[in-house]
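Visitor:
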Amino acid sequence: MTTLWYHPPPARSVATVHNTSLRSTSATAGPGLTSAGLLTLLLGAALNVIDFFIVNVALPTIDADLQASSATLEMVVAGYGIAFAVLLVLGGRLGDAFGRRRMFRIGLSAFTVTSLVCGLAPNATTLVLARIAQGAAAALAMPQVLASIQARTSGAERVRAVGYYAANSGISMVIGQVLGGALVAGLGWRTIFLVNVPIGIVTLVLARHTVPESRSADPLGVDGRGTVLLGATLLALLVPLTVGRAMGWPAWSVGMLAAAPVLACVLAVVERRVERAGRVPLLPPSVLRLPSMRRGLGVAVPFFTGFGGFMFVCALLLQDGMGMGPFDAGLALAPLAVGFFAASLANARMVARYGRSVVVAGFALQIVGLLVVLATVSGGWPDLTALDIAPGTLIVGFGQGMAMTTVVGLTLSQVPAARAGAGSGVFTTAQQTFLALGVALLGGLYGELAGTAGPRAGFVVVAGVYALALVGIVLLSRRLPDPRA
Numbered sequence: 002m003t004t005l006w007y008h009p010p011p012a013r014s015v016a017t018v019h020n021t022s023l024r025s026t027s028a029t030a031g032p033g034l035t036s037a038g039l040l041t042l043l044l045g046a047a048l049n050v051i052d053f054f055i056v057n058v059a060l061p062t063i064d065a066d067l068q069a070s071s072a073t074l075e076m077v078v079a080g081y082g083i084a085f086a087v088l089l090v091l092g093g094r095l096g097d098a099f100g101r102r103r104m105f106r107i108g109l110s111a112f113t114v115t116s117l118v119c120g121l122a123p124n125a126t127t128l129v130l131a132r133i134a135q136g137a138a139a140a141l142a143m144p145q146v147l148a149s150i151q152a153r154t155s156g157a158e159r160v161r162a163v164g165y166y167a168a169n170s171g172i173s174m175v176i177g178q179v180l181g182g183a184l185v186a187g188l189g190w191r192t193i194f195l196v197n198v199p200i201g202i203v204t205l206v207l208a209r210h211t212v213p214e215s216r217s218a219d220p221l222g223v224d225g226r227g228t229v230l231l232g233a234t235l236l237a238l239l240v241p242l243t244v245g246r247a248m249g250w251p252a253w254s255v256g257m258l259a260a261a262p263v264l265a266c267v268l269a270v271v272e273r274r275v276e277r278a279g280r281v282p283l284l285p286p287s288v289l290r291l292p293s294m295r296r297g298l299g300v301a302v303p304f305f306t307g308f309g310g311f312m313f314v315c316a317l318l319l320q321d322g323m324g325m326g327p328f329d330a331g332l333a334l335a336p337l338a339v340g341f342f343a344a345s346l347a348n349a350r351m352v353a354r355y356g357r358s359v360v361v362a363g364f365a366l367q368i369v370g371l372l373v374v375l376a377t378v379s380g381g382w383p384d385l386t387a388l389d390i391a392p393g394t395l396i397v398g399f400g401q402g403m404a405m406t407t408v409v410g411l412t413l414s415q416v417p418a419a420r421a422g423a424g425s426g427v428f429t430t431a432q433q434t435f436l437a438l439g440v441a442l443l444g445g446l447y448g449e450l451a452g453t454a455g456p457r458a459g460f461v462v463v464a465g466v467y468a469l470a471l472v473g474i475v476l477l478s479r480r481l482p483d484p485r486a
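Following my numbering, the numbering of the sequence shown begins with 2 at its first residue and continues without gaps.
1) So does the segment 321-339 actually touch the segment 398-412, counting three or more Cβ pairs closer than 8 Å?
2) Give me, in chain order, the residues of the same chain whose beta-carbon lies closer than 6 Å to that of leucine 23; leave out the 5 immediate sequence neighbours on both sides.
3) With a Cβ-Cβ cutoff of 8 Å, do isoleucine 83 and valine 244 count as a contact?
4) Assuming asparagine 57 contacts phenylalanine 313 under a Cβ cut-off of 8 Å, what Cβ separation, rounded to an integer in Å, is found between them?
5) What first and last residue would you give for the alpha helix (DSSP H) that runs through alanine 247?
6) With H, G and I counted as helix, E and B as strand and the rest as coil, what does DSSP make of glutamine 433?
7) Check whether the segment 401-411 touches the segment 346-364, taking contact to mean three or more Cβ pairs, one atom from each stretch, closer than 8 Å.
8) For the alpha helix (DSSP H) containing aspartate 384, list its first residue and its last residue.
9) Report the three-state DSSP secondary structure of arginine 226 (helix, strand or coil).
10) Can you give the Cα-Cα distance for tyrosine 467 and alanine 218, rounded to whole angstroms?
11) Which value, in whole angstroms, describes the spacing of the CA atoms of arginine 457 and alanine 265?
12) Excluding the 5 residues preceding and the 5 following leucine 332 in the sequence, name in chain order all residues of the same chain whose CB lies nearer than 6 Å to its CB.
13) With DSSP collapsed to three states, give me the class of leucine 481.
14) Look at the alpha carbon of threonine 29 and the alpha carbon of valine 196, and state the distance between them as a whole number of angstroms.
15) Note down the Cα distance separating alanine 139 from threonine 192, rounded to an integer number of angstroms.
16) Since leucine 371 and valine 378 are thought to touch, with beta carbons under 8 Å apart, how far apart are those beta carbons, to the nearest angstrom?
17) Just to check my reading of the structure: valine 374 and serine 173 have Cβ atoms closer than 8 Å, yes? What is that Cβ distance to the nearest angstrom?
18) Where does the unbroken alpha helix (DSSP H) through methionine 312 begin, and where does it stop?
19) Counting Cβ pairs, one atom from each stretch, are 3 or more of them under 8 Å apart for the segment 279-289 and the segment 87-98?
20) Within 10 Å of its beta-carbon, does proline 251 have 16 or more other beta-carbons around it, so buried, or fewer, so exposed?
21) Which residue's Cα is closest to the Cα of glycine 424: Arg274, Asp97, Val129?
22) Just curious, the alpha helix (DSSP H) that arginine 132 is in, first and last residue?
23) With a threshold of 8 Å on Cβ separation, who are the neighbours of leucine 39 within its own chain once the five nearest residues in sequence on each side are excluded?
24) Does DSSP put glutamate 214 in a helix, in a strand, or in coil?
25) Compute the beta-carbon to beta-carbon distance between valine 408 and valine 300, rounded to the nearest angstrom, for a pair I have assumed lies under 8 Å.
26) By alpha-carbon positions, which one of Leu235, Leu44, Leu74 ends up nearest to serine 170?
27) Which residue comes first and which comes last in the alpha helix (DSSP H) that contains glutamine 401?
28) Among Gln433, Gly380, Ile55, Asn348, which residue has its Cα nearest to the Cα of alanine 183?
29) Expressed to the nearest angstrom, what Euclidean distance is found between the alpha-carbon atoms of phenylalanine 311 and alanine 148?
30) Please say whether arginine 153 and glycine 356 have beta carbons closer to each other than 8 Å?
31) If we ignore side chains and look at the alpha-carbon of each, how far apart do alanine 441 and leucine 242 end up?
32) Consult DSSP for arginine 191 and reduce its assignment to one of helix, strand or coil.
33) For glutamine 68, is the classification buried or exposed, using 16 other Cβ atoms within 10 angstroms of its Cβ as the cut-off for buried?
34) Can you list, in chain order, the residues of its chain with a C-beta nearer than 7 Å to that of leucine 346? Leave out the 5 residues immediately preceding and following it.
35) Would a C-beta distance cut-off of 8 Å place threonine 113 and valine 229 closer than the cut-off?
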């Protein structure tokens with residue numbers, strides 16, 4: 002089996018570093034990734050993604066049980082995502098250096114323990130702290146999934162594996178809310194965390210026997226300044242956007258927001274200097290300049306922002322606005338998962354025949370689905386059931402399955418195998434950062450409008466913003482390379 006491999010650049014110039022980073026040689030000898038190993042990695046990835054969304058439908062129940070403030074409830078959701086986003090790239094780097102299977106199992110072990118603490122939390126403060134620790138554990142495990150796929154597969158096998166990863170991620174986002182609703186309605190909110198414990202243990206055992214070890218032949222080391230600056234930038238942006246509105250925008254939150262762009266500029270300068278000096282930074286500019294990475298993230302970033310906020314607002318609308326219970330609220334979103342799964346199964350055949358047009362059509366189909374949902378909510382309010390909004394959510398899910406399954410593979414298609422941890426870390430950092438940003442921005446917008454004009458008006462505006470973003474995404478997706486190439 003041959004894969005791409007990376008040799009550290011001896012030259013000092015940025016251009017040389019960029020060109021050398023694309024060089025191909027033979028891969029490290031070792032076993033390939035079997036179906037059982039891929040299934041194990043996808044199970045671990047699903048746990049990490051599900052737990053970002055699973056608390057959405059449980060928030061009213063958590064509030065009633067722990068008497069949490071609105072700011073605390075938002076941190077229950079966003080604290081996980083912020084820790085996840087801040088540490089993801091570092092997690093990928095550690096996997097490259099010390100072994101991806103080893104880091105996957107260490108991260109999953111910590112994730113299982115912190116899930117237990119979340120489920121037993123006696124108060125809201127403990128729950129928030131445990132959720133932050135849970136996000137940090139997920140950041141150690143999650144990058145190893147894509148990195149292992151990149152390092153131990155090639156050719157058509159890699160295309161299929163990355164497609165399964167994309168489908169798994171998308172379905173997990175929706176299953177989180179569906180499963181959360183069922184568990185909360187039947188057994189209480191604590192079970193949404195406690196269910197991770199037996200699944201985590203089983204996945205740990207499977208990983209030991211089915212996932213081959215892989216690592217970089219030339220470990221890149223830890224970029225200390227880059228890690229600190231990335232963490233500071235994301236915290237300065239996401240923390241005030243998450244809790245600022247609920248706390249009345251205190252001075253510290255405004256100061257953090259003002260510091261965020263400054264920190265981002267400092268981070269960019271430092272990373273360029275590190276790479277210009279012949280070392281490899283946390284966020285390698287040469288990797289970010291790869292056409293596939295640049296164009297793929299240009300499409301994925303606005304999608305994640307809109308989707309994260311839309312799913313959060315849907316959970317609030319269904320329960321607080323329409324008066325549904327947790328189970329009905331989760332069930333109302335089940336068609337989205339069904340549509341995504343069906344499209345994912347047919348994606349490879351559609352792409353082989355129609356190429357990039359599948360991505361464009363998928364995003365366009367999401368706009369159609371959103372318009373159907375908007376018409377349903379506007380016309381039937383407030384006497385709506387889960388069945389009423391099913392046609393619209395089914396169309397949205399099918400469109401997402403068509404588009405995002407392909408976008409993930411295209412984004413990572415030019416990343417060398419030895420940079421697999423860095424490449425997957427960059428992508429999943431973007432995913433978690435902008436999912437959290439979407440919750441903060443669109444969730445805050447909905448909260449403001451729902452309090453003045455009502456939940457229906459708040460939802461209509463948020464869904465409209467998401468639909469406009471998708472129009473721009475459709476135009477951007479036309480610039481993506483043909484996946485058949």
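The C-beta atom is built at its ideal place from N, Cα and C for all residues, glycine as well.
Guide: Well, looking at it:
1) Flag = yes, the segment 321-339 and the segment 398-412 touch.
2) Locating residue 23 in the sequence shown gives position 22, counting from the first residue. Since pLDDT at leucine 23 reaches only 32, below the 50 mark, its modelled position is unreliable, and no value is offered.
3) Indexing the sequence shown from 1 puts residue 83 at position 82. Indexing the sequence shown from 1 puts residue 244 at position 243. No, Cβ-Cβ distance for isoleucine 83 and valine 244 is not below 8 Å.
4) Translated into positions along the sequence shown, residue 57 becomes position 56. Translated into positions along the sequence shown, residue 313 becomes position 312. Asparagine 57 to phenylalanine 313, Cβ: 6 Å. Contact.
5) Here residue 247 is taken as the residue at index 246 of the sequence shown, counted from 1. DSSP places alanine 247 in no alpha helix (DSSP H); its state is neither H nor E.
6) As a position in the sequence shown, residue 433 is number 432, starting the count at 1. Helix at glutamine 433.
7) Result yes; three or more Cβ-Cβ pairs closer than 8 Å.
8) Indexing the sequence shown from 1 puts residue 384 at position 383. No alpha helix (DSSP H) contains aspartate 384, which DSSP labels as neither H nor E.
9) Start at 1 with the first residue of the sequence shown, and residue 226 comes out as number 225. Correct three-state label for arginine 226: helix.
10) Here residue 467 refers to the residue found at position 466 when the sequence shown is read from its first residue. Here residue 218 refers to the residue found at position 217 when the sequence shown is read from its first residue. Near 43 Å, if we compare the C-alpha coordinates of alanine 218 and tyrosine 467.
11) Counted from its first residue, the sequence shown places residue 457 at position 456. Counted from its first residue, the sequence shown places residue 265 at position 264. Approximately 36 Å between the Cα atoms of the pair.
12) As a working mapping, residue 332 is identified with position 331 in the sequence shown. Here the set comprises Ala387.
13) Taking the sequence shown and counting its residues from 1, one reaches residue 481 at position 480. Of the three classes helix, strand and coil, the one that applies to leucine 481 here is coil, per DSSP.
14) Here residue 29 refers to the residue found at position 28 of the sequence shown. Here residue 196 refers to the residue found at position 195 of the sequence shown. The pLDDT assigned to threonine 29 is 46, lower than 50, so where the model puts this residue is not dependable, and the model offers no usable value.
15) For the purposes of this step, residue 139 is taken as residue 138 along the sequence shown, with counting starting at 1. For the purposes of this step, residue 192 is taken as residue 191 along the sequence shown, with counting starting at 1. Near 19 Å, if we compare the C-alpha coordinates of threonine 192 and alanine 139.
16) As a working note, residue 371 is residue 370 in the sequence shown. As a working note, residue 378 is residue 377 in the sequence shown. Here leucine 371 is actually not in contact with valine 378; their C-beta atoms are around 11 Å apart, not less than 8 Å.
17) Within the sequence shown, numbered from 1, the residue matching residue 374 stands at position 373. Within the sequence shown, numbered from 1, the residue matching residue 173 stands at position 172. Separation of the CB atoms of valine 374 and serine 173 is rounded to 21 Å, and the pair is thereby denied contact status at 8 Å.
18) To locate residue 312, count along the sequence shown from 1; it is residue 311. Looking at the DSSP string, the run of the alpha helix (DSSP H) that includes methionine 312 is 292-317.
19) The segment 279-289 and the segment 87-98 touch, with no fewer than 3 CB-CB distances between them shorter than 8 Å.
20) The residue you call residue 251 lines up with position 250 of the sequence shown. Here proline 251 is exposed. Its C-beta has fewer than 16 other C-beta atoms within 10 Å.
21) Residue numbering aside, residue 424 sits at position 423 when the sequence shown is read from its first letter. The candidate whose alpha carbon is nearest that of glycine 424 is Asp97.
22) Within the sequence shown, the letter at position 131 stands for residue 132. Run containing arginine 132: 125-142, per the alpha helix (DSSP H) assignment.
23) What you label residue 39 is simply residue 38 of the sequence shown in a count that begins at 1. Contacts found: Ile150, Ala162, Tyr165.
24) On the sequence shown, position 213 is the one that residue 214 refers to. It is coil, neither helix nor strand.
25) Counting from one through the sequence shown, the residue named residue 408 turns up at place 407. Counting from one through the sequence shown, the residue named residue 300 turns up at place 299. That belief holds up - the Cβ atoms of valine 408 and valine 300 are roughly 6 Å apart, short of 8 Å.
26) By 1-based counting over the sequence shown, the position of residue 170 is 169. Measuring C-alpha to C-alpha distances from serine 170 to each of Leu235, Leu44, Leu74 identifies Leu44 as the nearest.
27) Counting from one through the sequence shown, the residue named residue 401 turns up at place 400. Per DSSP, glutamine 401 belongs to the alpha helix (DSSP H) from 391-413.
28) Position 182 of the sequence shown holds residue 183. Of the listed residues, the one whose Cα sits closest to alanine 183 is Ile55.
29) Working through the sequence shown from its first residue, we reach residue 311 at position 310. Working through the sequence shown from its first residue, we reach residue 148 at position 147. So the alpha carbons of these two residues sit roughly 29 Å apart.
30) Within the sequence shown, residue 356 is the residue found at index 355, counting from 1. Within the sequence shown, residue 153 is the residue found at index 152, counting from 1. Taking 8 Å as the Cβ cut-off, glycine 356 and arginine 153 do not qualify as a contacting pair.
31) By 1-based counting over the sequence shown, the position of residue 441 is 440. By 1-based counting over the sequence shown, the position of residue 242 is 241. CA-CA distance, alanine 441 to leucine 242, rounds to 5 Å.
32) By one-based count along the sequence shown, residue 191 stands at place 190. Of the three classes helix, strand and coil, the one that applies to arginine 191 here is coil, per DSSP.
33) Here residue 68 is taken as the residue at index 67 of the sequence shown, counted from 1. Classification for glutamine 68: exposed.
34) Sequence index remark: in the sequence shown, residue 346 carries index 345 (1-based). Shown here for leucine 346: not one same chain residue has a beta carbon closer than 7 Å to its own, the five before and five after excluded.
35) Within the sequence shown, the letter at position 112 stands for residue 113. Within the sequence shown, the letter at position 228 stands for residue 229. No.
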